[in-house]
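Numbering (the numbering used here), first residue to last: 47 to 186.
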């Protein structure tokens, strides 16, 4: 049980291909070890990116731990059940869903983020054709 406010620091991991090289020629042995991935060999990501990716998860865990300490074991179980129910509910696939109920549960309704003013559907360049979308979904 952790009362961590910010996500833990990022420990850079680098992947070495020395153990996958052929002893005689020094090249990567793709036949034995698969295709070499350049993505794993580039410089590690910035530590701030790791923190930002894990920020919401850490805040959710903190909320569950504080609820458990204040109200008992039933509070985090109730919150997790509510979140599972809310995440499964969806609108018509073509219509955009605001997920207001999930925002209220996570406490995002009290904050102003970039999604609030940069995600305006009226400024979207995509045109929605309900009939075509439903035909594709129903495989007609």
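Beta carbons: idealized from backbone N, C-alpha and C, even for Gly.
Query: Environment of residue 122 [buried if 16+ CB atoms lie within 10 Å]; Result: buried
Query: Endpoints, alpha helix (DSSP H) assigned at residue 104; Result: 93-117
Query: Rounded C-alpha distance that separates residue 97 from residue 161; Result: 19 angstroms
Query: Boundaries (first-last residue) of the alpha helix (DSSP H) holding residue 130; Result: 120-134
Query: Beta-carbon spacing of residue 100, residue 53 below 7 angstroms; Result: yes
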